[in-house]
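The sequence shown runs 1036 to 1151 under the working numbering. One structure is given below, encoded as structure tokens.
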Amino acid sequence: MASDDIAISIRNLTKSYRLLGHPGDRIKQFFSLGLKQYHREFTALKDVSLDIKKGEIIGIIGRNGSGKSTLLQLICGVWKSTSGTVQVTAPFNPACTDFGWEISLHIENYNFNNLG
Ligand SMILES: Nc1ncnc2c1ncn2[C@@H]1O[C@H](COP(=O)(O)OP(=O)(O)OP(=O)(O)O)[C@@H](O)[C@H]1O
Ligand SMILES: [Mg+2]
1036 MASDDIAISI
1046 RNLTKSYRLL
1056 GHPGDRIKQF
1066 FSLGLKQYHR
1076 EFTALKDVSL
1086 DIKKGEIIGI
1096 IGRNGSGKST
1106 LLQLICGVWK
1116 STSGTVQVTA
1126 PFNPACTDFG
1136 WEISLHIENY
1146 NFNNLG
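See below:
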């Protein structure tokens, strides 16, 4: 349970994407009833834990493809995590635009903005 001064609490967050070789593989995967695997898993984020306090301003820095946008999308609820939890206790208003998956996350008066 997050304490009172924690706005966002992230525990053991992991996100894997399913990569399909061909668009038709999605249908094949559905009808295979799990007997055969037509996709491969790619883990973009693995076992990330952090707390962000109310009023705190943080920057997420990492190389291209390191998972910055994935992390913000998980916080905003765009994606469901593969495992782990995101707990947002402060009121926030995520504004998600589709320009290269730019995401702004407003927590009270603060604005976390991923331009990557
Ligand atoms: N919807 C998706 N399906 C499959 N793989 C994805 C998807 N979104 C992101 N990825 C992959 O997950 C990894 C992390 O991507 P992400 O966009 O989170 O990184 P990033 O740190 O924001 O990169 P950048 O600095 O280029 O913005 C990359 O290898 C990317 O190709
Ligand atoms: Mg990005």
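Just so it is clear, CB atoms sit at the ideal spot from N, CA and C, and this is done for glycine as well.
With distance defined between alpha-carbon atoms, name the residue in S1118, S1038 and R1075 nearest to R1046. Measuring from the Cα of R1046, the nearest candidate turns out to be S1118.
Alpha carbon to alpha carbon, how far is G1102 from E1091? Between the alpha carbons of G1102 and E1091 lies a distance of about 21 angstroms.
Can you confirm whether the stretch 1082-1098 touches the stretch 1048-1066 when touching is taken to mean that 3 or more C-beta pairs between the two stretches lie within less than 8 angstroms? Cβ pair count under 8 angstroms is three or more, so yes.
Can at least three beta-carbon pairs, one atom from the stretch 1103-1118 and one from the stretch 1060-1070, be found at a separation below 8 angstroms? Touching, no.
Under three-state DSSP, which class holds T1105? Helix.
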